[in-house]
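Structure first, commentary second.
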Amino acid sequence: MGFRVKKLYGVKRDKWFRVMEIMAALCGLCIGIILNNTTLTAVFLTLLLLSYMREHGMSESFYMK
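Residues in the sequence shown are numbered consecutively from 1, following full-length UniProt numbering.
Written as structure tokens, this is what we have:
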């Protein structure tokens, strides 16, 4: 999907989407911690980890299987 976004919108747009994804994950993580909700915290922590892995090129193995 990342390649499709780059193709349609260009590199600047792709970076904007990635920043917004990280911000949404951080906000969700904070809300989960404040509400003391373990499931919500785990979901947004996983989203943040996957976003980091995609940014550094480590997630291809997850999508290629």
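Yeah, the Cβ is synthetic: ideal placement off N, Cα and C, and Gly gets one too.
How long is the line joining the alpha carbons of residue i and residue j, rounded to whole angstroms?
| i | j | result |
| --- | --- | --- |
| residue 66 | Thr38 | Outside the displayed span of the chain (1 to 65) sits residue 66, for which this structure offers no information. |
| Thr46 | Phe17 | 18 angstroms |
| Leu49 | Lys15 | 17 angstroms |
Near residue i, which residues of its chain fall below 8 angstroms by C-beta distance, leaving aside the five closest residues on each side in sequence?
| i | result |
| --- | --- |
| Leu40 | Gly28, Ile31, Gly32 |
| Glu21 | Leu47, Ser51 |
| Met1 | Note on Met1: pLDDT 49, under 50, position unreliable in the model; the coordinate value appears next. Cβ within range, chain order: n/a, list empty. |
Buried or exposed, going by whether 16 or more other CB atoms sit within 10 Å of the CB of residue i?
| i | result |
| --- | --- |
| Ala42 | exposed |
Per DSSP, what kind of secondary structure is residue i in: helix, strand or coil?
| i | result |
| --- | --- |
| Leu50 | helix |
| Leu35 | coil |
| Met1 | Model confidence at Met1 stands at a pLDDT of 49, short of 50, so the residue's coordinates are unreliable and nothing is read from them. |
Kindly list the residues whose CB is nearer than 7 angstroms to the CB of residue i, restricted to its own chain and excluding five residues on each side of it in sequence; keep chain order.
| i | result |
| --- | --- |
| Asn36 | none |
| Phe44 | Ala25, Gly28, Leu29, Gly32 |
Leaving aside the five residues before and after residue i along the sequence, list all residues of the same chain whose C-beta is less than 6 angstroms from its C-beta, in chain order.
| i | result |
| --- | --- |
| Met23 | none |
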